[in-house]
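Using my numbering, read the sequence shown as starting at 2 and increasing by one per residue.
We put the beta carbon where it would ideally sit given N, CA and C, even for glycine.
In what follows, a single structure is set out as structure tokens and then discussed.
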Amino acid sequence: MESIDWVQLRRALDERRESITDAWCEAISAIVPMLDHDDVRRRLDDLTRRTLAILGAETFDARQAREIGVALAQIHRPRPEILSATQAVLGNQLAMALSPQQLQKRRSFLFACLGELGAGFFDEAQAIILLEQVQVRDIYFAECKDAEIELDEYRQRLEYMVQERTSELMSAITHLEQEITDRKRVTEALQYRNQELALLNRSSQAFSSTLDLDEVLVTVLEEVRRLLGVVASSIWLIDPDTGELVCRQATGPQRDVVRGWRLAPGEGIAGWVIEHGESVVVPDITMDGRHFDAVDQTTGLPLRSILTVPLRARNNVIGVIQVMDVAVDFFGQTDLMLLESLAAPATIAIENARLVEALRQRTEELQVRNEELDAFSHTVAHDLKNPLTYVVGFAETIHDSYRTLSDEDLEKYLLQIAQNGRKMGNIIDELLLLAGVRQMEIDPQPLDMAHIVDDVLYRMAYMIQESDAAISLPDHWPAALGYGPWIEEVWINYIGNGIKYGGDPPHLRLGAKRGENEMVRFWIQDDGQGLTPEEQERLFIPFTQLKQVQTTGYGLGLSIVRRIVEKLGGRVWVESEVGEGSTFYFSLPAAPESLSDEMSEES
């Protein structure tokens, strides 16, 4: 049993002293109205002080308790009603003066004090009656026997009343303790319920005040962590592309380490909840085989208890909310009910934020497409206008003057019509390819880059011969992943631009290197006049023409390159200085190195 705070106990008894005296005096005055009220109160005040001193002492003094009973009997001719009233008043008043804990610890003192007080009262009453009988012995000797019998009956009745009253007092104290305990339990439950409602109210306000997903999640997790008093909390959402479970937001120590962590489908307790769609309370994760301890090892947190609740949207589980603590068996059913009641509105907020994010992305995508459409219209109007003008002009000349044209002029005009027609066809093919890359979905495969480049050079043989271009190839092509027909178009655009703008005559150097980031970098280097930084920034933008170039070579062709490479998971860029030539790059995901060795041997 815990030790008693004697200072606090004595202070509580002393604060009740006047109330006890008043109640005691009122009870005795009601039994014996003719007594001097002031004298009775003075004497009872002294008895109250002595009684409280006994109850506040560390050891029980039976002699003092009996003396109080003796003094009580001397106030008036002893009557059982006075003792009964005294025990009732002292029992009730002291029960109200002490807390349930103090009352529990001093119960034995109280019962012993009341018992010894009654014994002292009885002894003194017996002595008084005997004294009265001795005084009248000579006159009432014949009545002594009856007085003894009456005294014995009185003693027996008094003892019975003391026992009965003591039993009633013990029952009343026990009932009072139970009532106080029940009231405390109800008060605590009400306080917890008020905190729960406050959490739900604050969460609802957070959900309705913003559509920023991370802001909502942080608010909810902090409130949950504060209310439950846990070490950490987190929300995990399913990545729709990979099926992995991703920690979208976390609070507590090492939250930056946990945020963004990925779990494979079904991995860990969170993965189990996703698969089964059920909430789970784990009293000790060290005893649960479902726990994935890599997170604990990374954060260094000695977590033991975990409570995990699924987040449901339209009958589908989209993630979980999880709270953790270092104590064993920390969570109960009340915590589970609270977290489950919070999960429903949290899921709605998450879905709304996701819809807003998807709408924003779709709006941005449509805006980009609208801008491309405007530029596309300009390209069609500008790039097709010149060759179309030549075609129409030469056709009209032939129509109007074919009778007078020489065979040499006629052949020249027809050749111009054919060349400009092919130019328009090439532009249309490039536009169709650019649009097709956006819509077509492919599964990247290992590329035989040596074979692809050979095919490109074969297709461009006439252009290479006409320009007297020199092209250097690497001895080894690292294996990369992609789509062969698209990569052919990339090289055709890069090599074609190099022939047009890479020097006179052009000298082009192709190369490739596997990087440490699991990407393969390809390049083509020329000796042309180079590009300014401003031109480099605009180089790969769809339908953009540079001032120094009067054809669509850089603008449309390189926009196709960019779209193809980014669709395949890589990127494009250029390094150039004015007067120093340019190096055009593109990168692709690397294939296994074993494939690279096999392709090199075949080449």
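| query | result |
| --- | --- |
| Option nearest E160 by Cα separation, candidates F123, A173, A314 and T533 | F123 |
| C248 to G272 span [Cα, whole Å] | 12 Å |
| Inter-stretch contact (C-beta, 8 Å, three-pair minimum) for the segment 10-20 and the segment 48-62 | yes |
| C-alpha gap between G556 and L540, whole angstroms | The predicted model places G556 with a pLDDT of 46, which falls under 50 and marks its position as unreliable; any figure quoted below should be read in that light. Their backbone Cα atoms lie some 6 Å apart in a straight line. |
| The segment 558-578 in contact with the segment 469-488 per 3-pair CB rule at 8 Å | yes |
| Distance cut-off 7 Å: R260 Cβ against heavy atoms of the ligand MN | With respect to the ligand MN, the structure shown offers nothing to examine, as it has no ligands at all. |
| Simplified DSSP state of I236, which is helix, strand or coil | strand |
| Contacts around A592, its chain only, beta-carbon distance under 7 Å, and the 5 residues preceding and following it disregarded | P447, A480, A481 and L482 |
| Residue from E490, S168, D455 and R460 with nearest C-alpha to S473 | D455 |
| Y555 (DSSP reduced to helix, strand or coil) | Interpretation of Y555 is limited by its pLDDT of 38, a score under 50 that renders its predicted location unreliable; no figure is taken from the coordinates. |
| Q546 in three-state terms, based on DSSP | Bear in mind that a pLDDT of 47 at Q546, under 50, signals an unreliable position, so the model cannot answer this. |
| Pick from H277, I270 and L214 that is closest to V296, judged by C-alpha positions | I270 |
| DSSP-derived helix/strand/coil call for E366 | helix |
| Proximity below 8 Å, CB of L118 to CB of R107 | no |
| Same chain only: Cβ atoms within 7 Å of Q549, ignoring 5 sequence neighbours per side | Its pLDDT being 41, under 50, Q549 is placed unreliably in this model, and the value from its coordinates should be taken loosely. Around Q549: no qualifying Cβ. |
| Helix, strand or coil at E576 according to DSSP, with G and I counted as helix | strand |
| Assigned exposure category for S168 - 16 Cβ within 10 Å defines buried | exposed |
| Residues sharing a beta bridge with T182, DSSP | For T182, which the question treats as bridged, DSSP gives no partner whatsoever. |
| When I286, P590, T22 and G558 are compared against K514, the one with the closest alpha-carbon | P590 |
| Selected residue, minimal CA-CA separation from E165, among D240, L84 and L152 | L84 |
| Cβ pair L532, S588 closer than 8 Å | no |
| Endpoints, the beta strand (DSSP E) within which N317 is located | N317 to D326 |
| Whole-angstrom distance between L91 and L10, CA atom to CA atom | 16 Å |
| Option in R67, Q466 and S342 with minimal Cα separation from R313 | S342 |
| Beta-carbon separation (whole angstroms), K413 vs P388, contact threshold 8 Å | K413 to P388, Cβ: 16 Å. No contact. |
| Whole-angstrom distance between V41 and E27, CA atom to CA atom | 10 Å |
| Between the CA atoms of I500 and M461 - distance to the nearest angstrom | 10 Å |
| Cα-Cα separation between V283 and L308, rounded to whole angstroms | 6 Å |
| R80 vs I150 beta-carbon contact at 8 Å | no |
| Beta-carbon proximity check, Q610 vs L302, cutoff 8 Å | Nothing about residue 610 can be read from this structure; the chain reaches only from 2 to 604. |
| Inter-residue Cα distance where the pair is V457 and I319 | 48 Å |
| Exposed unless 16 or more other CB atoms sit within 10 angstroms - verdict on Q368 | exposed |
| Minimum C-alpha distance to D469 - residue among T52, L509 and A72 | L509 |
| Distance between N498 and Q551 (C-alpha atoms, nearest Å) | Any reading at Q551 must be qualified, since the residue scores a pLDDT of 37, below 50, and its modelled position is unreliable; no value is offered. |
| Exposure label - Q157; buried when at least 16 CB within 10 Å | exposed |
| CB-CB length for A354 against V217, believed under 8 Å | 7 Å |
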